[in-house]
Every structure is written in C-alpha cells, then in structure tokens.
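Participant: Pasting in a structure now, in structure tokens, and then I'll have a few things to ask.
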Ligand code: PLP
Ligand code: COI
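In this note's numbering, the protein residues as written are 8 to 360.
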C-alpha cells in the first residue's frame with residue numbers, strides 16, 4: 008500500500024530512561040489513514056506528531072465511537088527491535104471494530120502500516136532494562152453529523168511512546184481493591200471490546216481506590232456482582248491450593264494477549280490452568296484459609312504484575328506475605344525473556360523488524 012511520508016523538521020530530544028514512566032513522551036511521527044464508505048481505507052500517511060483536527064459534531068466526541076490497542080516494540084541486546092504477537096492485536100482490533108460498528112482493517116494492511124511506522128520510529132525504542140516502545144493504534148468515528156448511527160467515516164492513527172513500568176511499584180507487588188459498587192461491563196455490552204468508553208466508566212471506582220492507596224480495582228461481574236472479572240488494565244490470575252485459575256472469557260472481560268500467552272506458557276511447563284467462574288466467596292475463603300498462594304495481573308502495559316494485597320469491603324488480605332510468588336516470577340521471566348529476546352521464542356510470537 009502506498010504510505011506517504013512527511014518527516015518532521017524539528018526532531019525532539021529523547022527522554023532519559025529514568026524519567027519515562029508510562030505514556031508521557033511521544034515520538035516524532037504518527038501514522039494516519041482515513042475511511043469512508045465510498046472510498047474504503049485511503050490516505051495512508053506518516054506525518055509529524057501533532058494535534059488532531061476534529062469537527063465539533065464528530066461522532067467520537069458525542070457518541071464515543073472509539074477503539075484502541077496496545078502493544079510494544081522491544082530492543083534486544085544485539086540492538087535489533089522486535090514486536091510481540093502484533094497479529095493478535097490486529098485481530099482483536101477488528102473484533103472491537105465489529106462490536107462498535109467501526110470499519111475493520113484487512114490484516115495484511117494493518118500489519119504493513121504498523122511495521123512501516125515502527126521502522127520509522129525505531130530509534131525511539133529505549134534500551135534500558137524494562138523499557139520498550141509502547142504502540143497505541145486507535146480508531147475513531149468522525150462523521151460530521153449529530154445523527155446516531157454506525158459510522159460512515161473514520162480515522163485510524165498509530166502513536167508511539169517510549170515507556171518504563173506502568174505501575175510506580177515496577178515488578179514489586181501492587182495493592183488491588185475489589186470493587187463492590189460500580190461495575191465495568193455486562194455480557195452483551197462492550198466489555199470484551201477494547202473501546203475507550205469501558206475505561207471512562209471505570210474511572211470513578213479507580214479514583215476511589217487510589218484515594219485509599221490502591222493501584223487499581225478488581226471488577227466483579229455486572230449481573231450477580233459475584234464473579235471475578237479483571238483488573239482495570241490487566242487480566243487476573245490466582246494460584247489456589249496449587250492450581251492456577253483465571254476467569255473464563257465470559258464476554259464481558261477483555262481477551263488479553265498477555266493472559267493468553269501466560270496460559271500457553273503455563274501449559275507448556277506442565278501447570279494445570281483452569282479458565283472458569285471464580286466467585287468472590289471462593290476467593291474470600293481462599294484468602295482467609297491461606298490457600299490463595301499467589302495472585303497476579305497480566306497485560307501489555309502492566310506485563311506480569313504480582314498482587315501483594317487484596318482489599319474487599321474494607322478487609323485487607325495480604326497475598327503471599329506481600330512477596331512475588333514462584334509462578335508469578337516464572338511467568339514474568341519467561342514472557343519478558345521472550346519479549347526482549349533473552350529467552351528463545353519456541354512459540355513463534357516474535358516479529359523481528
Ligand atoms: N484487561 C484490560 C481492561 C486491559 O485494559 C488490558 C490491557 O490491554 C488487559 C486486560 C490486558 O490485555 P493485553 O494483555 O492484551 O494487553
Ligand atoms: C495495555 O496494556 O496496552 C492497555 O491498554 C492498558 C491501558 C489501558 C494502559
């Protein structure tokens with residue numbers, strides 16, 4: 008596909024690795040293309056990073072027609088840059104698009120524009136331990152009319168941000184609050200799509216948790232408020248009495264690519280993993296009687312993040328004495344090893360640039 012390239016005339020200085028944090032700095036360029044029902048996808052271009060121009064009636068501003076993805080490019084010790092399972096993000100974005108009545112992008116086209124853009128911004132991939140180039144593809148509806156309907160016009164953009172760890176704790180265990188009032192999603196809703204509205208709806212509970220010193224909330228299902236779903240920006244897994252359990256993909260949680268990868272790693276190493284309903288009562292009992300051995304979250308931004316404390320209805324439960332557990336550590340080492348090219352990728356997950 009023809010991608011026009013306009014290079015910036017004023018390249019920015021690259022930030023120090025110690026100042027990166029998450030999503031604060033952006034590279035010099037961004038990728039954009041437009042969709043209309045008449046023309047399909049057109050106008051593919053890489054342009055200097057700059058504010059977007061939006062019509063005040065644009066669909067995204069009023070009716071929230073927006074979806075996004077998150078994946079990373081990693082710098083290996085030999086200096087080369089590689090991505091982790093980008094095709095999975097491309098496929099999930101198309102599933103989100105279908106749910107939100109936004110246009111899908113043919114897989115080959117999506118992969119071509121992503122790799123062309125990442126190659127252009129390759130120099131921005133940091134090399135310090137634990138750092139990477141976070142890629143944020145997103146799409147929004149921009150019909151210039153206030154009628155409510157499936158969009159006829161959309162824009163697809165990819166921006167990139169050199170990042171360090173998502174949580175200030177880094178690999179140290181985070182504290183998570185189990186939310187008993189607000190809910191994030193219900194089956195049949197948009198919970199399994201990666202759309203901006205899911206995150207907007209999560210913010211109130213997230214704020215309350217933060218005020219009490221917790222990093223994020225763990226959601227319960229929206230119907231019974233009984234079954235464990237996922238954490239704000241990651242899926243969740245537990246080791247209970249020797250068995251790894253994780254909520255099954257019920258239609259209201261995000262089908263995480265890190266979740267899927269953790270399950271594949273665990274199974275390849277002979278662990279039994281159950282994807283099933285986990286009730287808050289079962290978890291509370293395991294927390295009380297000490298059979299909850301480990302808890303961790305997993306996601307692209309959060310990587311594999313040990314959970315050191317869970318709080319439910321103001322009762323605090325330390326997990327594994329606030330320490331990272333053996334399985335959590337193994338998953339962290341294996342996944343980050345593959346991602347940064349230190350461990351052989353026997354799964355075929357890596358796409359070298
Ligand atoms: N759940 C939510 C709500 C998320 O935002 C994320 C992050 O993308 C995940 C789970 C983990 O998904 P993935 O591993 O694909 O990044
Ligand atoms: C990711 O891990 O890529 C996410 O999208 C989480 C994000 C909401 C920070």
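Virtual Cβ for every residue (Gly too), placed ideally from N, Cα, C.
Which residue spans inside the segment 17-64 form an unbroken beta strand (DSSP E) run of at least 3?
Facilitator: The qualifying runs are 36-43, 47-55.
Participant: Leaving aside the five residues before and after residue 159 along the sequence, list all residues of the same chain whose C-beta is less than 7 Å from its C-beta, in chain order.
Facilitator: Position 152 of the chain shown, counted from the first residue, corresponds to residue 159. Counting only Cβ-Cβ distances below 7 Å, and skipping sequence neighbours, we find 43, 44, 150.
Participant: From what residue to what residue does the beta strand (DSSP E) around residue 102 run?
Facilitator: As a position in the chain shown, residue 102 is number 95, starting the count at 1. No beta strand (DSSP E) contains residue 102, which is instead part of the alpha helix (DSSP H) from 93-106.
Participant: Using 8 Å as the cut-off, classify the Cβ of residue 246 as near or not near the heavy atoms of the ligand PLP, replying yes or no.
Facilitator: Taking the chain shown and counting its residues from 1, the one referred to as residue 246 is at position 239. No, the Cβ of residue 246 stays beyond 8 Å of every heavy atom of the ligand PLP.
Participant: Does the distance from the CB of residue 186 to the CB of residue 208 come in under 9 Å?
Facilitator: By 1-based counting over the chain shown, the position of residue 186 is 179. By 1-based counting over the chain shown, the position of residue 208 is 201. No. Outside cutoff.
Participant: Is any heavy atom in the ligand PLP found nearer than 8 Å to the beta carbon of residue 201?
Facilitator: Counting from 1 along the chain shown, the entry for residue 201 is found at position 194. True, at least one ligand heavy atom lies under 8 Å from that Cβ.
Participant: What first and last residue would you give for the beta strand (DSSP E) that runs through residue 7?
Facilitator: Nothing about residue 7 can be read from this structure; the chain reaches only from 8 to 360.
Participant: Closest to residue 195 by C-alpha separation, out of 259, 59, 67, 300, would be which residue?
Facilitator: Numbered from its first residue, the chain shown carries residue 195 at position 188. Measuring from the Cα of residue 195, the nearest candidate turns out to be 259.
Participant: Going by the DSSP bridge assignment, what does residue 167 pair with across the sheet?
Facilitator: Position 160 of the chain shown, counted from the start, is the residue given in the question as residue 167. Partner(s): 142.
Participant: Three or more C-beta pairs closer than 8 Å, one from the segment 68-85 and one from the segment 296-310: is that the case here?
Facilitator: Segments in contact, yes.
Participant: Beta carbon of residue 109, beta carbon of residue 142: below 9 Å?
Facilitator: Locating residue 109 in the chain shown gives position 102, where the first residue counts as 1. Locating residue 142 in the chain shown gives position 135, where the first residue counts as 1. No, the pair does not count as a contact, with Cβ atoms beyond the cut-off.
Participant: Is it a yes or a no for the segment 273-281 touching the segment 212-231, going by three-plus beta-carbon pairs under 8 Å?
Facilitator: The segment 273-281 is not in contact with the segment 212-231.
Participant: Measuring only from the beta carbon, is residue 307 closer than 8 Å to any heavy atom that is part of the ligand COI?
Facilitator: Looking up residue 307 in the chain shown gives position 300. Under cutoff, so the answer is yes.
Participant: The ligand PLP and residue 258: does the residue's C-beta get closer than 8 Å to at least one heavy atom of that ligand?
Facilitator: The sequence position of residue 258 within the chain shown is 251, counting from 1. It does not: the Cβ of residue 258 is nowhere closer than 8 Å to a heavy atom of the ligand PLP.
Participant: Along the chain, where does the beta strand (DSSP E) containing residue 324 start, and where does it finish?
Facilitator: Within the chain shown, residue 324 is the residue found at index 317, counting from 1. Note, residue 324: beta strand (DSSP E), 322-325.
Participant: How do the segment 86-94 and the segment 162-182 stand: do at least 3 beta-carbon pairs fall below 8 Å, yes or no?
Facilitator: No: fewer than three Cβ pairs fall under 8 Å.
Participant: Count the CB pairs spanning the segment 329-341 and the segment 97-105 that are closer than 8 Å, and state whether there are at least three.
Facilitator: Counting Cβ pairs under 8 Å, fewer than three are found: no touch.
Participant: Whose CA, out of 214, 173, 203, 170, lies closest to the CA of residue 3?
Facilitator: Outside the displayed span of the chain (8 to 360) sits residue 3, for which this structure offers no information.
Participant: Provide the residue(s) that pair with residue 246 in DSSP beta bridges, ordered along the chain.
Facilitator: To locate residue 246, count along the chain shown from 1; it is residue 239. Its beta-bridge partners are 251, 301.
Participant: Take the Cβ of residue 354 as the centre, count every other Cβ of all protein chains shown within 10 Å, and call the residue buried at 16 or more, exposed below.
Facilitator: In the chain shown, residue 354 corresponds to position 347, counting from 1. So residue 354 counts as exposed.
Participant: Kindly indicate which three-state DSSP category residue 116 falls into: helix, strand or coil?
Facilitator: Residue numbering aside, residue 116 sits at position 109 when the chain shown is read from its first letter. Helix at residue 116.
Participant: If you run the structure through DSSP and keep just helix, strand and coil, what is residue 127?
Facilitator: Along the chain shown, one-based indexing puts residue 127 at 120. Helix, per DSSP.
Participant: Ignoring anything shorter than 3 residues or poking outside the segment 255-305, list the beta strand (DSSP E) runs there in chain order.
Facilitator: Entirely contained in the segment 255-305, the beta strand (DSSP E) runs reaching 3 residues are, in chain order, 280-283.
Participant: Round the Cβ separation of residue 183 and residue 221 to the nearest angstrom and send it over; I've been treating them as touching at under 8 Å.
Facilitator: Here residue 183 refers to the residue found at position 176 of the chain shown. Here residue 221 refers to the residue found at position 214 of the chain shown. Between residue 221 and residue 183 the Cβ distance is about 6 Å, and since that is below 8 Å, they are a contact.
Participant: Please list, in chain order, all residues of the same chain as residue 193 whose beta carbon is under 8 Å from its beta carbon, the five residues on each side excluded.
Facilitator: Locating residue 193 in the chain shown gives position 186, where the first residue counts as 1. Around residue 193: 228, 229, 230, 259.
Participant: What distance in whole Å lies between the Cβ atoms of residue 326 and residue 301, which are believed to be in contact at a cut-off of 8 Å?
Facilitator: The residue given as residue 301 occupies position 294 in the chain shown. The residue given as residue 326 occupies position 319 in the chain shown. Confirmed, about 7 Å.
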